[in-house]
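Below is one structure; the comments refer to it alone.
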Amino acid sequence: MIRTEPIIAVDNVPKSSQFYQKLLGCTGQHGGETFEILTDNGTVILCLHKWGEHDHPTMRDQIQAGNGLILFFRVDNLQQIFENATLLNAVIEKDIHYNENSLKDQFILRDPDNYYLIVSA
Numbered sequence: 000m001i002r003t004e005p006i007i008a009v010d011n012v013p014k015s016s017q018f019y020q021k022l023l024g025c026t027g028q029h030g031g032e033t034f035e036i037l038t039d040n041g042t043v044i045l046c047l048h049k050w051g052e053h054d055h056p057t058m059r060d061q062i063q064a065g066n067g068l069i070l071f072f073r074v075d076n077l078q079q080i081f082e083n084a085t086l087l088n089a090v091i092e093k094d095i096h097y098n099e100n101s102l103k104d105q106f107i108l109r110d111p112d113n114y115y116l117i118v119s120a
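For the sequence shown, the positions run 0 to 120 when numbering that gives the first Met the number 0 is used.
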């Protein structure tokens, strides 16, 4: 088995953790000010790491969060997650629409650190 467990650098780990938990309905497994592990039914979906902690070379200096990265989430409750994003006052880049490349409905938003997220059915 091979799978990715992406780690993104964020300004405020607890704030970002709450955003993702409220958006996706996932669970925080680690907690703390510098690192968080977010899971769904025991599977890691995303890790959050505070900028400048633990001396990781790509997380030392915040330049432009998310440049060159799209966080893509495949979900089975797209409408509910869109409603969650609305309740969170998230920046919605594009409402739910049909993507002719993936042949799926999706919407696009930004997280508190300006990462670009695609949520797809």
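Even glycine gets a Cβ: it sits at the ideal position worked out from N, Cα and C.
Could you give the C-beta distance for residue i and residue j, rounded to a whole number, given that I count them as a contact under 8 Å?
| i | j | result |
| --- | --- | --- |
| T26 | T38 | 5 Å |
| G65 | N11 | Rounded, the Cβ-Cβ distance is 15 Å, inconsistent with contact. |
| T33 | E4 | Actually they are not in contact, since the Cβ atoms of T33 and E4 sit about 17 Å apart, beyond 8 Å. |
For residue i, count the other beta carbons within 10 Å of its own beta carbon; 16 or more makes it buried, fewer makes it exposed. Which is it?
| i | result |
| --- | --- |
| E99 | exposed |
Return the first residue and the last residue of the alpha helix (DSSP H) that residue i is part of.
| i | result |
| --- | --- |
| A84 | L77 to L86 |
| V12 | V12 to L23 |
Cα separation between residue i and residue j?
| i | j | result |
| --- | --- | --- |
| Y97 | L68 | 21 Å |
| L87 | F18 | 8 Å |
| V118 | Q61 | 25 Å |
For the beta strand (DSSP E) containing residue i, name the first residue and the last one.
| i | result |
| --- | --- |
| Y97 | V90 to N98 |
| I6 | I6 to V9 |
Report yes if the CB atom of residue i is closer than 8 Å to the CB atom of residue j, and no otherwise.
| i | j | result |
| --- | --- | --- |
| K21 | N76 | no |
| H48 | I6 | yes |
| L133 | A89 | Outside the displayed span of the chain (0 to 120) sits residue 133, for which this structure offers no information. |
| L129 | F72 | The question about residue 129 has no answer, for the chain in this structure spans 0 to 120. |
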